[in-house]
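Engineer: The sequence shown maps to residues 46 to 144 in the working numbering. Glycine residues also receive a C-beta, built at the ideal position from the N, C-alpha and C atoms.
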Amino acid sequence: MRHSSGHHHAGADSKSSQSSDWKVIRDLLPYLLEYKFRVAIALSCLVAAKVANLGIPILMKQLIDVLNIKANSPPSIAHCALRFNFGLWFIKNFCLSFY
Numbered sequence: 046m047r048h049s050s051g052h053h054h055a056g057a058d059s060k061s062s063q064s065s066d067w068k069v070i071r072d073l074l075p076y077l078l079e080y081k082f083r084v085a086i087a088l089s090c091l092v093a094a095k096v097a098n099l100g101i102p103i104l105m106k107q108l109i110d111v112l113n114i115k116a117n118s119p120p121s122i123a124h125c126a127l128r129f130n131f132g133l134w135f136i137k138n139f140c141l142s143f144y
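1) Measuring straight from C-alpha to C-alpha, what distance separates A97 and M105?
2) F131 to S65, Cα distance in whole Å?
3) When you compare only the Cα positions, how much space is there between C155 and V84?
4) Pick helix, strand or coil for S65, following the three-state DSSP scheme.
5) Can you look up F131 in the DSSP assignment and give me helix, strand or coil?
6) Could you give the first and the last residue of the continuous alpha helix (DSSP H) run that contains F82?
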């Protein structure tokens, strides 16, 4: 834990905090290397979560943009996929509401 004396010197503090951050990483590295597979899985899950957080809204935008239903035409694949996606979202939120 870092303690502050109330005075903030941006240049000196940022350099020392960056060096102490790298020192902590360097100290933890031997322990992390013992579990290479687990660390790789954890990092890949973090990346996958970030891709999902960015990708789902983009996918939804494309689905909505493609969705152009006329009065007498049958539902398109995009329309069915959109309804399916909202259904999964509803089920997921319903199930998570119990936790």
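Structural biologist: For this structure:
1) Working through the sequence shown from its first residue, we reach residue 97 at position 52. Working through the sequence shown from its first residue, we reach residue 105 at position 60. Going from the Cα of A97 to the Cα of M105 covers about 12 Å.
2) In the sequence shown, residue 131 corresponds to position 86, counting from 1. In the sequence shown, residue 65 corresponds to position 20, counting from 1. Looking at the two C-alpha atoms, the distance is approximately 46 Å.
3) Outside the displayed span of the chain (46 to 144) sits residue 155, for which this structure offers no information.
4) Counting from one through the sequence shown, the residue named residue 65 turns up at place 20. Three-state result, S65: helix.
5) Looking up residue 131 in the sequence shown gives position 86. It is helical.
6) For the purposes of this step, residue 82 is taken as the residue at position 37 of the sequence shown. Per DSSP, the unbroken alpha helix (DSSP H) holding F82 starts and ends at 81-111.
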